[in-house]
Each structure stands twice: as C-alpha cells, then as structure tokens.
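Residue numbers (the UniProt record's numbering): 1 to 200.
Only one structure is covered here, and it is reproduced in the block below.
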Amino acid sequence: MSTAIPETMRAVMLRNPGPPSSLKIETIPTPTPQPGQVLIKVRAFGLNRSEVFTRLGHSPIRVVPLPRVLGIECVGTVAAVVEEEDGAGKDGLKVGDKVATCMGGMGRAFDGGYAEFCVVPRAQVVRIGVEAGLEELGWDIWGALPEMIQTSWGSLFSSLKIKKGDSLLIRGGTSSIGLAATALGSHHGVLPLWMILSSC
C-alpha cells in the first residue's frame with residue numbers, strides 16, 4: 001500500500017569527511033522499500049553528535065561507508081509499507097500514520113533521515129501522536145525526541161531495569177537525556193528521584 005511518491009528527492013549527502021560545507025544538498029533517487037520495510041516522508045530530524053563525528057571522518061569507513069545520507073533519527077508520515085511475504089509484521093501500520101524511527105543502522109549502514117524520504121526496517125518504526133493530548137505536538141517537537149527518548153528508555157528500563165518504587169540519581173539532569181530520564185522515571189513511579197544539575 002502506498003501513495004504518490006516522487007522518483008527523486010532532496011537529501012543532505014556526505015561524500016567525503018570534512019567541515020560542515022562537506023554536507024551537500026543533492027537530488028537523488030527516492031528509495032524503494034523492500035519487504036519488511038517502511039518508506040517515511042520525513043517531516044523533521046534531530047542533529048546528533050555521532051553525525052558530527054561521521055562528518056569529521058571519525059567513524060570507520062567499514063561502519064559508515066561513503067557516500068552516505070546521514071541522520072540516525074527522523075519523524076514523519078508513512079508513505080509506503082511493504083509487507084513481509086509470510087505476512088509477518090501486520091500490525092496495522094498504514095500510509096499516512098505519524099511515525100518515529102531511530103538508530104538501527106540509520107545514517108550509518110544505510111541512508112538516514114537527512115532527506116525528504118527514508119526507508120527503514122518496519123521493526124524500528126513507532127507510531128506517534130496517538131495518545132490523548134499528543135496529537136497537537138508539532139513536527140519540530142517530535143523531531144527532537146526519538147534518539148533522546150530511546151537512549152533514556154534503554155538506560156532506565158533495559159540496562160538498569162528500574163521499577164516502581166526504585167530510587168534514581170540522574171547526573172546531568174538538565175541535559176536533554178537527563179530531562180527525558182527524569183520524566184520517564186517519574187511517570188513510571190521511580191521515587192525518590194534526584195538530579196545533579198551542575199558540578200563544581
């Protein structure tokens with residue numbers, strides 16, 4: 001299932017490491033999703049430190065082969081969904097859904113979110129804005145969230161395995177990751193919750 005998709009798109013391409021001027025807006029073919037993939041019409045993306053390292057040439061070429069469209073996260077709307085041949089992944093995701101995605105090789109192993117369209121594995125696509133009160137958030141807000149929330153969630157629930165009633169100390173509590181961890185911890189009943197706001 002898909003909607004009208006242009007043959008070409010604009011993307012920010014890195015062909016050789018260097019200063020910010022080494023990032024060039026180019027017109028390239030719009031990617032075509034394969035079975036188990038989703039084509040996202042990108043509405044916003046975050047800028048991350050790892051992309052700066054890649055642009056400067058600090059990511060090994062075997063990890064991030066060039067040329068590459070950078071971007072380890074993006075938000076947008078589903079432009080096309082290609083079902084697995086065995087029917088796996090039929091979760092109701094449909095064209096027009098608001099979605100977020102991050103990591104999983106984006107902007108490193110395959111082209112990322114610095115483009116008008118991005119193809120990613122279906123397994124790393126999450127619907128957004130479906131909860132009450134969130135439907136009014138703008139793309140600028142959504143674009144700042146995926147990697148920040150994923151990092152905070154993974155730290156708290158995958159690594160630390162926190163649960164209701166646990167205590168939590170957050171160093172760097174005023175950073176985006178610290179604020180996200182504070183909100184997630186509080187929402188999940190982690191109390192008391194302490195933050196270190198600055199250091200001497």
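C-beta atoms are modelled at their ideal positions from N, C-alpha and C, and glycine is treated no differently.
For clarity, every value in this text was computed on a predicted model and none was experimentally measured.
Annotated three-state conformation of residue 148 is helix, per DSSP. When rounded, the separation of the alpha-carbon atoms in residue 21 and residue 51 is 14 Å. Within a 10 Å sphere around the beta-carbon of residue 34 sit fewer than 16 other beta-carbons, which makes this residue exposed.
Taking 9 Å as the cut-off, the Cβ atoms of residue 11 and residue 25 count as close. Rounded to the nearest angstrom, the gap between the Cα atoms of residue 146 and residue 134 is 14 Å. Proximity of the stretch 101 to 116 to the stretch 69 to 79 meets the contact definition, three or more beta-carbon pairs being nearer than 8 Å. Closest in alpha carbon position to residue 30, among 184, 177, 79 and 7, is 7. Under the DSSP assignment, residue 117 falls in the beta strand (DSSP E) whose first and last residues are 117 to 121. Within the same chain, 98, 135 and 137 come within 7 Å of residue 129 by CB-CB distance, once the 5 residues on both sides are set aside.
In the DSSP assignment, the residues bridged to residue 195 are 170.
Around the beta carbon of residue 168, 16 or more other beta carbons lie within 10 angstroms, which makes this residue buried. Taking the C-beta atoms as reference points, residue 63 is found nearer than 9 Å to residue 109. Remark: C-beta atoms of residue 118 and residue 193 do not approach each other more closely than 9 Å.
At a cut-off of 4 residues, the continuous stretches assigned as alpha helix (DSSP H) that sit fully inside the UniProt domain "Alcohol dehydrogenase-like N-terminal" (34 to 128) are 49 to 56. Excluding the 5 residues flanking it on each side, residue 79 has same chain C-beta neighbours closer than 7 Å at 2, 3, 5, 39, 40, 41, 95 and 117, in chain order. Annotation for residue 179: no beta strand (DSSP E) segment contains it, though the alpha helix (DSSP H) segment containing it runs 176 to 187.
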